[in-house]
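Step one of this worksheet: look at the structure below.
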Amino acid sequence: MARNKKIVTLFYSFWVKNTSTWLLDNHVKVFLIILSKPLY
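When we follow numbering that gives the first Met the number 0, the leftmost residue of the sequence shown carries the number 0, and every step to the right adds one.
Next up, the structure:
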């Protein structure tokens, strides 16, 4: 049981890290797209 909890914790932290990285990447892309477009 303890071993399973450890695996779940590892998986969860890995998933959180990947999700936050992906969200950050998307925000940067959107920001760059907004900046690259001429402002009307």
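Where a beta carbon is used, it is the ideal one built from N, C-alpha and C, also for glycine.
In this text the structure is predicted, and so the values were computed from the model without any measurement.
- Distance from the CA of ASN25 to the CA of ARG2, rounded to the nearest whole angstrom, comes to 35 Å.
- For LYS5, the three-state secondary structure derived from DSSP is helix.
- LYS36 carries a coil assignment under DSSP once its states are collapsed to helix, strand and coil.
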